[in-house]
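According to this note's numbering, the sequence shown is numbered sequentially starting from 45.
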Amino acid sequence: RLAAGRLGRVLELAMAPDGSRAAVASHDGRLLLVERESGEVREVDRSDNGDVSGLVFSPDSGWLAWSHPGPRPLSQLRLANTTDLSVTEATPLRFQDYAPAFTLDGKHLAFLSHRSFDPVYDEHVFDLAFVESSRPYLITLAATTPSPFGPQRHGRAFEVSDKEETPDSEGAPATRIDLDGLADRIVPFPVEAARYSGLRAARDGVLWLRHPVTGVLGAARATPDDPDPKTELERYDLAQQRLEHLAADADHFEVSGDGKRVLLWTDGKLKVVPSDRRASNDEDSDSNITVDLGRVRQTVDPAAEWRQMYEETGRIMRDHFWRPDMGGVDWDGVLDRYRPVLARLATHDDLMDLLWEVHGELGTSHAYVTPYGGFGNGPRQGLLGADLSRHEDGNWRIDRVLPSETSDPDARSPLAAPGVAVRAGD
Numbered sequence: 045r046l047a048a049g050r051l052g053r054v055l056e057l058a059m060a061p062d063g064s065r066a067a068v069a070s071h072d073g074r075l076l077l078v079e080r081e082s083g084e085v086r087e088v089d090r091s092d093n094g095d096v097s098g099l100v101f102s103p104d105s106g107w108l109a110w111s112h113p114g115p116r117p118l119s120q121l122r123l124a125n126t127t128d129l130s131v132t133e134a135t136p137l138r139f140q141d142y143a144p145a146f147t148l149d150g151k152h153l154a155f156l157s158h159r160s161f162d163p164v165y166d167e168h169v170f171d172l173a174f175v176e177s178s179r180p181y182l183i184t185l186a187a188t189t190p191s192p193f194g195p196q197r198h199g200r201a202f203e204v205s206d207k208e209e210t211p212d213s214e215g216a217p218a219t220r221i222d223l224d225g226l227a228d229r230i231v232p233f234p235v236e237a238a239r240y241s242g243l244r245a246a247r248d249g250v251l252w253l254r255h256p257v258t259g260v261l262g263a264a265r266a267t268p269d270d271p272d273p274k275t276e277l278e279r280y281d282l283a284q285q286r287l288e289h290l291a292a293d294a295d296h297f298e299v300s301g302d303g304k305r306v307l308l309w310t311d312g313k314l315k316v317v318p319s320d321r322r323a324s325n326d327e328d329s330d331s332n333i334t335v336d337l338g339r340v341r342q343t344v345d346p347a348a349e350w351r352q353m354y355e356e357t358g359r360i361m362r363d364h365f366w367r368p369d370m371g372g373v374d375w376d377g378v379l380d381r382y383r384p385v386l387a388r389l390a391t392h393d394d395l396m397d398l399l400w401e402v403h404g405e406l407g408t409s410h411a412y413v414t415p416y417g418g419f420g421n422g423p424r425q426g427l428l429g430a431d432l433s434r435h436e437d438g439n440w441r442i443d444r445v446l447p448s449e450t451s452d453p454d455a456r457s458p459l460a461a462p463g464v465a466v467r468a469g470d
């Protein structure tokens, strides 16, 4: 075990391509580098405004990039040299910059940012809103590297030194970064502003998820039973200068180390597909593989799991509570008082009830316990939307049919539907 007890609670971990070190984002805002051979832990940076995220190494493992939070909702990209740990601000703290990724040739740093300010008029009230404000951007790391979207793309190329084009001893392309004027070399991808997440570098391009704009109530769907619009997996081909749609239903994805394959969670299935063309919905092939999760077997000791979950809940609340003194509550005493109940738990639901009781001792809001998988929607109870009364003759009479609300598809009595012709008194 490396660095046991020195990392805090690990929120995110990234391994350098050469395997020499790992970057760790800790729960207390620290960004750490852990050396694989020696176990040495070095602090790269620290945040007082939340957790650092989006840890990613350059292809030659010489640089580390991440999203560093500022006062909400701002965040910026930072770069660190993994040798001397010098830190540089890659983007100014003016926007929400996130999801950095070095292109596989080591020449660019791509990222997502909320910096598109084109408001949309509201149709009900006289107001404006920024509905789709994010866009992918790219930083040319060397001052002599042209923008892949600029006029030099098909004109006379800049002259580059042999050193820049020479791979290192491990075969990975060397990443050269000219820190002066770095933020001035930010250029947008030629795609429309939307809602993006999960940017990753792949072979000859960059992948990301594009999310649809949906209402919070679901009333805008064609029918109440229709599913929500799906998130799409898109790819921008830097060589061909074009946007491609790889999957119409993508929940999560990760790119393989060589950038050639994508592990894709789509429509309840885990698939391995190529990173440079649309995923096929047909039968499996050499290039399109569905992972059979039914073959996975795991031995679980529920009682041991519940004990671990109880103790970890206590640590998380202690480390993240909004007051250092836990609101005057003896938190260790609370955990000790409820701990004997663990021996009497019979189901996972019992554990959830126990954790609710423990949280309740703090007497504060925003302290939740959410079971695995969430609460779900479950079957809904249908109602007639009418007042009924039973008469002496044993028959039921309709006293009133509630009026329908045409703006809400779910607020309609089935007795008021066209063709039913039911009236009060029937």
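The C-beta atom is built at its ideal place from N, Cα and C for all residues, glycine as well.
The model shown is predicted, which means the values in this text are computed figures rather than measured ones.
Fully contained in the stretch 226 to 276 are the following beta strand (DSSP E) runs of length 3 or more, in chain order: 230 to 232, 239 to 246, 249 to 255. Beta-bridge partners of E288 (DSSP): R279. Here R122 is buried: its Cβ has 16 or more other Cβ atoms, across all protein chains shown, within 10 Å. Less than 7 Å separates the beta-carbon of V100 from that of A145. The three-state reading of DSSP puts P103 in coil, since its state is none of H, G, I, E or B.
R220 is not a Cβ neighbour of A245, given a cutoff of 7 Å. Secondary structure note for V402: its alpha helix (DSSP H) is the uninterrupted segment 392 to 404. With a beta-carbon spacing of about 6 Å, P234 and F193 fall inside the 8 Å limit used to define contacts. Residue pairing for A430: DSSP places it in a beta bridge opposite V445. Distances from the CA of G426 to each of L337, D454, T188 were compared; the closest alpha carbon is that of D454. Rounded to whole angstroms, the gap between the alpha carbons of D162 and Y142 is 20 Å.
Cβ-Cβ distances below 8 Å link R351 to L386 in the same chain, with the five nearest sequence neighbours on each side left out; the list follows chain order.
In the DSSP assignment, W350 falls within the unbroken alpha helix (DSSP H) covering 346 to 364. A Cβ-Cβ distance of about 31 Å is found for the pair L253 and L223, leaving them out of contact under the 8 Å criterion. In the three-state DSSP reduction, V68 falls in the strand class (E or B). For R179, the CB contacts under 6 Å within the same chain, skipping 5 residues up- and downstream, are S160, P232, A237 in chain order. Taking C-beta atoms under 8 Å as the contact rule, D95 and P117 fail to qualify, at a distance of about 14 Å. Just so you know, the alpha carbons of L46 and R74 end up roughly 17 Å apart. Burial state of A390 is exposed, judged by a 10 Å Cβ sphere holding fewer than 16 other Cβ atoms. R229 places its beta carbon less than 7 Å from that of T184. In this structure, P136 is the residue among A468, P136, L282, E167 with its C-alpha nearest to the C-alpha of H158. Cβ atoms of T334 and K315 come within 8 Å of each other, at about 5 Å. Close CB contacts of D443 within its chain, under the 7 Å cut and outside five residues either way in sequence, are with D431, L432, S433, A468 (chain order). Shown here for T189: same chain residues with a beta carbon closer than 6 Å to its own, the five before and five after excluded, namely K151 in chain order.
DSSP places R116 in no alpha helix (DSSP H); its state is neither H nor E. Comparing C-alpha distances from G404 to each of L428, G358, A124 shows the shortest one belongs to G358.
L379 carries a helical assignment under DSSP once its states are collapsed to helix, strand and coil. Shortest Cα-Cα distance from H289 to any of A411, L251, V445 involves L251. Here L108 carries a strand assignment [DSSP, helix/strand/coil]. Non-local beta-carbon contacts of S102 in its own chain, meaning distances under 7 Å to residues more than five positions away in sequence, involve F146, G150, T219 in chain order. For the pair S451 and A460, the CB atoms are not nearer than the 7 Å cut-off.
For G98, the closest alpha carbon among the candidates S64, S329, E84, E56 is that of E56. Shown here, G52 sits in coil according to DSSP, grouped into three states, outside any helix or strand. Taking a 10 Å sphere around the C-beta of L108, we find 16 or more other C-beta atoms and assign the residue as buried. For the pair W400 and V344, the Cα-to-Cα distance works out to about 23 Å. Taking the C-beta atoms as reference points, L182 is found no nearer than 7 Å to A216.
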